[in-house]
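Reviewing the structure listed below.
In our numbering, the protein residues as written are 135 to 385.
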């Protein structure tokens, strides 16, 4: 008869497995410096590009940049970013987190303009807006870590595998938006109240009908229906930032 053989790991192999397990846990759960090292290891060219080793000094988050171009969604900000890069400028699209993104010369972004020049007042109205915007993840419409990604950039303080959104992300969202909403109102894009100041702010415009057609295709799956509009996360974000005027009172 055949007898089952018991296999035992050697002490050296057991120690190696234990150390390997601990290393994996360290890489995923220890604070930002290790996560930053992991990011640099996985994205070496981006890590080099934001550092002083790239040929230009690294840019602190609070440092002034030359240019902020704002507009509406689907107004051509992606194409403008591409055109400015072809001129040799280091600009980013919808991102001013200079710790994790190359944006030494500026940013082209609709959300930066919508937040910075918001006319939402202080107090309960402002708190309500922040709470609504941060109550759920808003991919492709609002990423607060693209404005302030924390001390190590890219939102690494919350970037733990398996938690794409949760209390940490929500708290970071609220921290960033409390500072950013209305920060440039009355003071221009270079206001020191803003997370990252800009020397000049330009408004990019596009024919409204072309903009509407582009938004319909991008954010409503090409469907001009109330159901498609209600399901659009982008339109929900825009409605919070630009609430419709109150209906006139009947006499």
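Note that the Cβ used here is the ideal one computed from N, Cα and C, for glycine as well.
Contact check, residue i vs residue j, beta carbons under 8 Å
i	j	result
residue 276	residue 284	no
residue 243	residue 227	yes
residue 311	residue 204	no
residue 329	residue 313	yes
residue 345	residue 208	yes
residue 223	residue 240	yes
residue 286	residue 167	yes
residue 171	residue 250	no
Contact set for residue i: own chain, Cβ-Cβ below 7 Å, skip 5 residues either direction
i	result
residue 359	none
residue 374	263, 266, 267
residue 190	238
residue 362	354, 355
residue 260	254, 315
residue 357	none
residue 248	375
residue 369	353, 363
residue 212	227
Straight-line Cα distance separating residue j from residue i
i	j	result
residue 334	residue 152	55 Å
residue 217	residue 193	22 Å
residue 279	residue 365	24 Å
residue 282	residue 300	18 Å
residue 258	residue 382	23 Å
residue 304	residue 343	35 Å
residue 202	residue 196	14 Å
residue 214	residue 376	24 Å
residue 206	residue 176	33 Å
residue 155	residue 174	21 Å
residue 229	residue 149	44 Å
residue 352	residue 180	28 Å
residue 225	residue 245	15 Å
residue 350	residue 367	12 Å
residue 200	residue 306	26 Å
residue 347	residue 378	20 Å
residue 380	residue 270	26 Å
residue 256	residue 169	36 Å
Cut-off 6 Å between Cβ atoms - residues of its own chain near residue i, not counting five sequence neighbours on either side
i	result
residue 210	340
residue 371	272, 275, 276
residue 302	292
residue 186	192
Proximal residues to residue i (C-beta, below 8 Å), its chain only, five neighbours per side dropped
i	result
residue 182	188
residue 184	192, 193, 232, 233, 234, 235, 236, 287
residue 219	225
residue 327	313, 317, 318, 321
At least 3 beta-carbon pairs within less than 8 Å: the segment 220-237 vs the segment 265-272: Taking a cut-off of 8 Å for Cβ pairs, the segment 220-237 and the segment 265-272 do not touch, as fewer than three such pairs fall below it.
Runs of beta strand (DSSP E) wholly within the segment 179-234 (minimum 3 residues, chain order): Qualifying beta strand (DSSP E) stretches, in chain order: 199-204, 225-227.
In chain order, each alpha helix (DSSP H) run of at least 4 residues that lies wholly inside the segment 271-351: Qualifying alpha helix (DSSP H) stretches, in chain order: 301-314.
Contiguous beta strand (DSSP E) assignments of at least 3 residues, all confined to the segment 237-268: Fully enclosed beta strand (DSSP E) runs of 3 or longer: 240-242.
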